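Here is the structure we will look at, set down as structure tokens.
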Amino acid sequence: MKPPILIIITSTIILGTMIVLFSSHWLMIWIGFEMNMLAIIPILMKKFNPRAMEASTKYFLTQATASMLLMLGIIINLLHSGHWTISMIPNPIASTVITIALAMKLGLSPFHFWVPEVTQGVPLSSGMVLLTWQKIAPLSVLYQISPSINPNLLVAMAATSVLVGGWGGLNQTQLRKILAYSSIAHMGWMAAIMVYNPTLMILNLTIYIMMTLGTFMLFMYNLSTTTLSLSHTWNKLPLIASLILALMLSLGGLPPLSGFIPKWMIIQELTKNDMIVMPMFMATTALLNLYFYMRLAYATALTMFPSANNTKMKWQFESMKKMIFLPPLIVASTMLLPLTPMLSIMD
């Protein structure tokens with residue numbers, strides 16, 4: 001893709017999300033979503049092949065359906081309240097329809113089927129945008145309407161998302177699909193806390209985006225898309241192998257790492273709100289996620305796969321990729337736990 005075109009498309013994606021973030025008018029929010037959706041499709045089809053074409057078509061159809069439902073919810077709300085402003089949604093039908101539309105945009109279960117398929121069909125860089133930047137706009141709208149969302153609906157979707165995110169990734173060998181299921185599970189954690197403490201959802205989103213960006217960048221640096229290609233990392237780039245190990249454990253939410261902060265705080269907040277079964281269920285299903293992250297970590301850093309040559313460091317061309325944001329992202333994705341008291345004061 002030519003640089004001027006790429007700049008125009010990227011700025012349209014950013015502008016679409018910004019319009020959603022800063023608007024208080026439902027029509028402007030809808031327009032922001034549409035701009036974002038139409039501009040992301042060329043990014044998904046950067047490497048033009050039938051798989052990318054299929055993935056982009058699936059993405060377009062689900063997002064267009066979600067936009068249609070969102071407009072339906074907005075119009076029902078307009079008929080009942082008489083204004084276009086984002087505020088309390090008095091009508092339960094409007095609230096439910098808008099929540100379902102945003103859940104489709106996010107890929108929350110039971111509307112999650114497009115996420116692994118689309119992520120698998122597009123290049124790593126496009127998948128990175130899809131699983132990070134594209135989550136910001138729908139979550140910001142959910143944040144704004146969180147007082148009027150039906151808690152039972154959201155908690156049900158959160159529980160199924162965490163379960164699907166853990167269960168679906170168990171048998172996968174494709175890294176993009178694993179990260180897609182991981183995304184579904186993280187969205188479930190965010191949806192679970194949305195009604196009770198929306199600020200925690202923002203914290204979870206921030207840490208999730210940092211961890212996912214770091215993981216995708218390591219895979220792009222390594223040119224890995226399968227567990228098999230990842231398993232040769234120890235031979236080529238031992239340092240990268242150990243960084244992938246740390247990031248995988250952080251994504252799984254193990255205590256000394258940053259990924260533990262949102263899980264800890266969400267479980268604490270839910271138990272404060274007299275919910276015992278839900279956090280217990282979520283913590284148990286998080287073990288499924290931890291299993292497939294551990295499998296990746298094991299394949300990457302903890303085993304020495306048979307190598308054709310006798311020397312440990314294989315001869316290779318130096319990778320020319322410049323990943324300037326990788327060091328700060330890795331530090332933020334693994335070492336933020338001591339900041340937890342400050343974060344809890346902010347909440």
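Just so you know, full-length UniProt numbering puts 105 at position 105 of the sequence shown, and the rest follows in order with no gaps. Where a beta carbon is used, it is the ideal one built from N, C-alpha and C, also for glycine. Note that the structure is predicted; figures quoted are calculated from it, not measured.
- Under the DSSP assignment, PRO255 falls outside any alpha helix (DSSP H); it carries neither an H nor an E label.
- According to the DSSP secondary-structure assignment, HIS25 is paired through a beta bridge with THR85.
- Within the same chain, and ignoring the five residues on either side of TYR143 in sequence, the residues whose Cβ sits closer than 6 Å to its Cβ are PRO198.
- Under DSSP, GLN174 forms a beta bridge with THR226.
- Sequence-distant partners of THR271 (beyond 5 residues in either direction) whose C-beta falls short of 8 Å from its own C-beta, in its chain, are PRO279.
- Here the alpha carbons of LEU257 and PRO327 stand approximately 16 Å from one another.
- With 16 or more neighbouring CB atoms inside 10 Å of its own CB, ALA192 falls in the buried class.
- Residues of the same chain with a CB within less than 6 Å of the CB of GLY214, apart from the 5 flanking positions on each side, are LEU247, LEU329, ILE330, SER333 in chain order.
- Boundaries for GLY169: no alpha helix (DSSP H) harbours it, and the DSSP string shows neither H nor E there.
- Inclusion of ARG176 and THR225 in the CB contact set at 8 Å is warranted, their separation being smaller than that value.
- DSSP places SER109 in the coil class of the three-state scheme, outside both helix and strand.
- ALA297 and ILE89 have their C-alpha atoms roughly 45 Å apart.
- Excluding five sequence positions before and after LEU288, the CB atoms of its chain that fall closer than 7 Å to its own CB belong to GLY166, TRP167, LEU170, given in chain order.
- Around THR96, the same chain offers ASN150, LEU153 as residues with beta carbons nearer than 7 Å, after the five sequence neighbours per side are excluded.
- Separation of SER183 and TYR208 (C-alpha to C-alpha, rounded to the nearest whole angstrom) is 8 Å.
- In this structure, MET194 sits near SER146, with a CB-CB distance shorter than 8 Å.
- PHE111 and GLU54 have their C-alpha atoms spaced approximately 18 Å apart.
- Annotation for VAL141: VAL20, ILE29, LEU102 place their beta carbon closer than 7 Å to its own, counting only its chain and skipping 5 residues before and after.
- Here GLY127 is buried: its Cβ has 16 or more other Cβ atoms, across all protein chains shown, within 10 Å.
- In the three-state reduction of the DSSP assignment, TYR143 falls in the helix class, which pools H, G and I.
- The criterion of a C-beta distance shorter than 8 Å is not satisfied by LEU245 and MET211.
- Ranked by Cα distance from LYS321, the first of MET217, ILE276, ALA301 is MET217.
- Taking a contact as a CB-CB distance under 8 Å, the pair VAL122 and LEU44 counts as one, their CB atoms being some 5 Å apart.
- CA-to-CA, the gap between LEU239 and VAL129 works out to about 25 Å.
- DSSP places VAL155 in the helix class (H, G or I) of the three-state scheme.
- Put simply, the backbone Cα of MET220 is about 9 Å away from that of MET323.
- Residues of the same chain with a CB within less than 7 Å of the CB of MET157, apart from the 5 flanking positions on each side, are ALA103, LEU108, SER109, ALA191 in chain order.
- With 16 or more other Cβ atoms inside 10 Å of its own Cβ, HIS186 counts as buried.
- Ranked by Cα distance from ILE8, the options MET18, THR17, GLU34, ALA39 are led by ALA39.
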